[in-house]
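Notes follow once the structure below has been shown.
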Amino acid sequence: MSVIATVIERADRDEDVRRIREAMFGRTGERVAEALAAAVERGEFRPGIEDHATELASHILGPLYFHRFTGVPWS
Numbered sequence: 017m018s019v020i021a022t023v024i025e026r027a028d029r030d031e032d033v034r035r036i037r038e039a040m041f042g043r044t045g046e047r048v049a050e051a052l053a054a055a056v057e058r059g060e061f062r063p064g065i066e067d068h069a070t071e072l073a074s075h076i077l078g079p080l081y082f083h084r085f086t087g088v089p090w091s
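Printed below as a string of structure tokens:
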């Protein structure tokens, strides 16, 4: 897990590491958009939510990664 944390942290400063991050996580928004579109079809969400997949993924996955990598307990 420390490798993932290092890639995420260093990607802002290092173009080569940024490419690695994109290879690891670059399609996350697409996958979330697909899941949201399926949920819209089932009537679980209103149409249009899938247009915000990247933002939603960052709000959901960011805290999960932070918690996992830092061990900071949920408050």
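At position 60 of the sequence shown (counting the first as 1) the number is 76 in the working numbering, and the numbers step up by one without a gap. Each residue gets a CB set at the ideal place from its N, CA and C atoms; glycine is no exception.
- Message: Taking the straight line between their C-alpha atoms, what separation do you get for residue 18 and residue 85?
- Response: 7 Å
- Residue from 43, 52, 25 and 37 whose Cα sits closest to the Cα of residue 63: 52
- residue 48 in three-state terms, based on DSSP: helix
- Query: Quick one: what does DSSP say residue 60 is sitting in, helix, strand or coil?
  - Reply: coil
- Excluding sequence positions up to five away, which residues of its chain have a Cβ less than 7 Å from the Cβ of residue 34? 27
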